[in-house]
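In the numbering used here, the protein residues as written are 4 to 504.
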């Protein structure tokens, strides 16, 4: 079966021809637990750039500093955001079993941050705070799900003179969507649903979305991609555009249409590193919604089948992203468009006995981030850890726009230009009131506090990137553990984390 379905998959869409676009481009919302709502106020020194004018972005300026001629029009921005998009979701980033020719081409023609982190979540619906952080540039405990009173990234682009287009999942409030976009397609105001049919609202210029959604008869990925293609090919405005394309794939349910539904034979797939039939202890949310998608124990057959379904969803997404890129080329806009590909977080898919993202292991926190466009170096990989809320200030600085003072993120533009070295000396993440994480360039500490019981895990990520060997009880690592514990306390203070660990 694998051979025939592989052929069908490969022929579903032809690869982008050499010399085209990339070849010449220079859940329900869930209740939060122990959360503090922080909607405004100055940044909290998480690496933010020098403050700009907090109330108004500068007009579009010269891009000469980035190596572009001053007479060239400001670049468009195409932001492709996938749902539950883990670090195994792109073939060229190390997963030989998955087939993603169009995503591979993006990696080849751009710069990839392989260790981009979601800072965690104050709800089991991790995508809600993750998207809030991405769209606001703020850290975990300083933003809520509604984005009320927060200037969003597309809203900032709109203020700077961009036409803004939004389609797909908007896991935040209709009001924040209304403020953010001048154009749109089908919008999913929710956490998750079936991909076919999917409950959506059609874009309204008056911004009124009080009526019940209608159920589209088109698969979600195809629906949102077609809206994007229509926008790109039909847009003839004088202003540059910012297109925010938020897919609901490859989030479960794994319902990829033919031939992608059967594109991967589970028997041909290997088990992941750190595969376990059970998680070794109660992590505080061991029965989270994602963990109920398959029975315990997690047998090899269950995990292979689960991964085959996920891979089919990713390959279907890849094919439709390929069509969007082809449309961008046909439109004549490709050479002057910055493309950004990212996920909102990762997914376990069988590691440590887990399926979901309600944990602080690497595969659940991390997602690949790829930049392709004018002035961006080709086929570069950057392993320095960064946050997803760094993307907002990065794109603003790339466009030579001032960064709002209230943003907590740090611009990654120097790394796109070739800088090396850590973005931050340590990284922090949190999950509800039960898990905390801090890591440096080599070691990682996870702390648990579950119904009065506390425990630690310590991993040497340099030698053990899949977190299989816990060093927390080994005396020779006591100094490392103590140092990271102090770093965690410092992060909790700076991020206004309301819980003691």
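Beta carbons: idealized from backbone N, C-alpha and C, even for Gly.
Quantities reported herein were computed from a predicted structural model and do not represent experimental measurements.
The beta strand (DSSP E) that contains residue i, what's its start and end?
i: residue 343; result: 340–346
i: residue 430; result: 430–434
i: residue 440; result: 438–442
i: residue 155; result: No beta strand (DSSP E) holds residue 155; DSSP gives it neither H nor E.
i: residue 377; result: It is not in any beta strand (DSSP E) - residue 377 carries neither H nor E in the DSSP assignment.
i: residue 451; result: 446–453
i: residue 461; result: 456–463
i: residue 168; result: 166–172
Quick one, which of the options has its alpha-carbon nearest residue i's?
i: residue 492; options: 440, 322 and 455; result: 440
i: residue 164; options: 489, 498, 399 and 284; result: 399
i: residue 448; options: 187, 427, 424 and 485; result: 485
i: residue 312; options: 266, 355 and 303; result: 266
i: residue 320; options: 350, 225, 332 and 270; result: 225
i: residue 442; options: 478, 202, 403 and 364; result: 364
i: residue 339; options: 235, 410 and 354; result: 235
i: residue 318; options: 186, 221, 211 and 88; result: 88
i: residue 243; options: 387, 180 and 167; result: 167
i: residue 260; options: 315, 288 and 292; result: 315
i: residue 444; options: 131, 427 and 383; result: 427
i: residue 218; options: 286, 205, 230 and 200; result: 200
i: residue 328; options: 106, 187 and 75; result: 106
i: residue 451; options: 414, 502 and 112; result: 502
i: residue 437; options: 99, 341, 353 and 504; result: 504
i: residue 1; options: 370, 362 and 389; result: Beyond the ends of the chain as shown, which are 4 and 504, falls residue 1; an answer cannot be given.
i: residue 228; options: 497, 208 and 169; result: 169
i: residue 401; options: 478, 197, 349 and 417; result: 417
i: residue 296; options: 272, 347 and 352; result: 352
i: residue 189; options: 130, 133, 251 and 156; result: 251
i: residue 76; options: 240, 98, 96 and 162; result: 240
i: residue 146; options: 181, 122, 159 and 157; result: 122
i: residue 205; options: 379, 362, 79 and 191; result: 191
i: residue 497; options: 144, 133, 102 and 79; result: 144
Give the secondary structure of residue i by DSSP, where H, G and I count as helix, E and B as strand, and everything else as coil.
i: residue 267; result: coil
i: residue 278; result: strand
i: residue 388; result: coil
i: residue 355; result: coil
i: residue 504; result: coil
i: residue 261; result: coil
i: residue 490; result: helix
i: residue 76; result: coil
i: residue 480; result: helix
i: residue 14; result: Its pLDDT being 38, under 50, residue 14 is placed unreliably in this model, and the coordinates cannot settle the point.
i: residue 370; result: strand
i: residue 575; result: For the chain, the structure presents residues 4 to 504; residue 575 sits outside this window and is missing.
i: residue 88; result: coil
i: residue 190; result: strand
i: residue 65; result: Here the model assigns residue 65 a pLDDT of 37, short of 50, so the residue's position is not dependable, and the following value carries that caveat. The answer is coil: DSSP assigns residue 65 none of H, G, I, E or B.
i: residue 96; result: helix
i: residue 383; result: strand
i: residue 498; result: helix
i: residue 42; result: For residue 42, the pLDDT reaches just 40, beneath the cut-off of 50, and the residue's location in the model is therefore unreliable, although a value from the coordinates is still provided. Of the three classes helix, strand and coil, the one that applies to residue 42 here is coil, per DSSP.
Over the uninterrupted alpha helix (DSSP H) stretch that includes residue i, give me the two end residues.
i: residue 401; result: 394–401
i: residue 142; result: Note, residue 142: premise wrong, no alpha helix (DSSP H); not H, not E.
i: residue 182; result: 177–183
i: residue 324; result: 303–333
i: residue 247; result: Element bounds for residue 247: not the alpha helix (DSSP H) but the beta strand (DSSP E), 244–249.
i: residue 418; result: 416–419
Segment contact, 8 Å Cβ cut-off, at least three pairs: the region 78–94 with the region 240–253: In this structure the region 78–94 lies against the region 240–253, because at least three pairs of beta carbons, one per stretch, are closer than 8 Å.
So within the region 103–132, which uninterrupted beta strand (DSSP E) runs reach at least 3 residues, ignoring any that extend past its ends? Correct list: 114–120.
Could you say if the region 275–282 and the region 118–127 meet the contact criterion of at least three C-beta pairs nearer than 8 Å? In this structure the region 275–282 does not touch the region 118–127; the number of beta carbon pairs closer than 8 Å is below three.
For the region 372–383 against the region 123–130, do three or more pairs of beta-carbon atoms, one drawn from each stretch, fall closer than 8 Å, so that the two count as touching? In the pairwise beta carbon analysis, the region 372–383 is classified as not touching the region 123–130: fewer than three pairs are separated by under 8 Å.
Flag this pair as touching only if the region 143–163 and the region 175–195 have three or more C-beta atom pairs under 8 Å; answer yes or no. Yes, since at least three Cβ pairs between the region 143–163 and the region 175–195 fall closer than 8 Å, the two stretches touch.
Sequence ranges, beta strand (DSSP E) only - wholly within the region 199–239, length at least 3: Counting only runs of 3 or more, we get 201–205 and 217–219.
Do the region 402–417 and the region 454–464 make contact, defined as three or more Cβ pairs closer than 8 Å? No, because fewer than three Cβ pairs between the region 402–417 and the region 454–464 fall closer than 8 Å, the two stretches do not touch.
Pairing CB atoms from the region 204–215 with CB atoms from the region 299–308, are three or more of them under 8 Å? Output reads no: the region 299–308 does not touch the region 204–215.
Check whether the region 136–147 and the region 388–396 touch, using three or more Cβ-Cβ pairs below 8 Å as the test. Segments in contact, yes.
Indicate whether the contact test is met: 3 or more Cβ pairs, each with one atom in the region 355–363 and one in the region 329–338, closer than 8 Å. Remark: fewer than three beta-carbon pairs, one from each stretch, lie closer than 8 Å, so the region 355–363 and the region 329–338 are not flagged as touching.
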